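FYI, full-length UniProt numbering numbers position 33 of the sequence shown as 33, with every residue one higher than the one before it.
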Amino acid sequence: MTTTFQKGDKVSVLDDAFEGVVLKVENGVVTIETTDGFQMTYFVNELIKVNDSNNLRSQIGSFNSQKIKSEKDAPKKRYDVADKKIKGEIPPPEFDLHIEKLVKNFRHMSNFDILNIQMETAKRHLDFAVKNRIPKIVFIHGVGEGILKSELDFLLGRYDGIDFRDANFQKYGQGATEVYFKQNY
């Protein structure tokens, strides 16, 4: 919807804290007088009309209360967003990169050592998946401060033929990454 401005319209500047009244409109350029009394020019797409209550009803349109009530009372369709499972399909392997799943005792380890073990484990699983033509794997990295996820993203970006994205939110939350391997057969 393109807004047309006319002399006398009250407007507000989208990216500045200015309001004013339209003085003239020429070739997509609008000259306004600000509330402080300054004349300024803006492009049409930089302005928005304000306090245009006369036009509000036409923009909203009329509503049918009976239709709204019937829609509210109608049973809701349920949409299952979870991954659709194809009969006989094997779920992708999941690899948990939490340090407590990788080593027995990590209390004496520095954060650097922990991250190195996690990244070496991820690299080993990636290489195995490529070598064995596994089409998809999932790394569970958790949310935390995001350091492991960003390092994992950097590692995945160095591989050719790999696409990756956040894994299914309903199943993993924000703490997992799905890796797809584009393989030539």
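Each residue gets a CB set at the ideal place from its N, CA and C atoms; glycine is no exception. If you're wondering where the values come from, they're calculated on a predicted model, not measured in any experiment.
Counting C-beta neighbours from all protein chains within 10 Å, is the total for residue i 16 or more, i.e. buried, or is it exposed?
{"i": "Gly175", "result": "buried"}
{"i": "Lys101", "result": "exposed"}
{"i": "Gly161", "result": "exposed"}
{"i": "Ile137", "result": "buried"}
{"i": "Thr35", "result": "exposed"}
{"i": "Val30", "result": "buried"}
{"i": "Ala122", "result": "buried"}
{"i": "Ile32", "result": "buried"}
{"i": "Thr41", "result": "exposed"}
{"i": "Val179", "result": "buried"}
{"i": "Gln118", "result": "buried"}
{"i": "Asp73", "result": "exposed"}
{"i": "Lys24", "result": "exposed"}
{"i": "Asp9", "result": "buried"}
{"i": "Lys131", "result": "exposed"}
{"i": "Lys149", "result": "buried"}
Going by DSSP in three states, residue i sits in which element: helix, strand or coil?
{"i": "Met109", "result": "coil"}
{"i": "Leu14", "result": "coil"}
{"i": "Ala176", "result": "strand"}
{"i": "Lys24", "result": "strand"}
{"i": "Leu47", "result": "strand"}
{"i": "Gln39", "result": "strand"}
{"i": "Ile32", "result": "strand"}
{"i": "Asp73", "result": "helix"}
Assuming residue i contacts residue j (C-beta within less than 8 Å), just tell me the rounded distance between them.
{"i": "Ala129", "j": "Phe181", "result": "6 Å"}
{"i": "Phe5", "j": "Val21", "result": "Their Cβ separation, rounded to whole angstroms, is 10 Å, which puts Phe5 and Val21 out of contact at 8 Å."}
{"i": "Thr177", "j": "Leu155", "result": "That pair is no contact at about 10 Å."}
{"i": "Tyr172", "j": "Leu126", "result": "So it is not a contact: roughly 18 Å between Cβ atoms."}
### Query
Would the region 39–50 and the region 5–16 be scored as touching if the rule is three or more Cβ pairs under 8 Å?
In short, these stretches touch, since the Cβ pair count reaches three.
#### Entry: Stretch pair the region 134–154 + the region 90–107: three plus CB contacts closer than 8 Å
By the criterion of at least three beta-carbon pairs nearer than 8 Å, the region 134–154 is in contact with the region 90–107.
### Query
At a cut of 8 Å, does the region 64–75 reach the region 105–114 through at least three beta carbon pairs?
Contact annotation: the region 64–75 does not touch the region 105–114, with fewer than three C-beta pairs closer than 8 Å.
#### Entry: Runs of alpha helix (DSSP H) wholly within the UniProt domain "Smr" (119–182) (minimum 4 residues, chain order)
Taken in chain order, the complete alpha helix (DSSP H) segments of 4 residues or longer contained in the UniProt domain "Smr" (119–182) are 147–157, 169–172.
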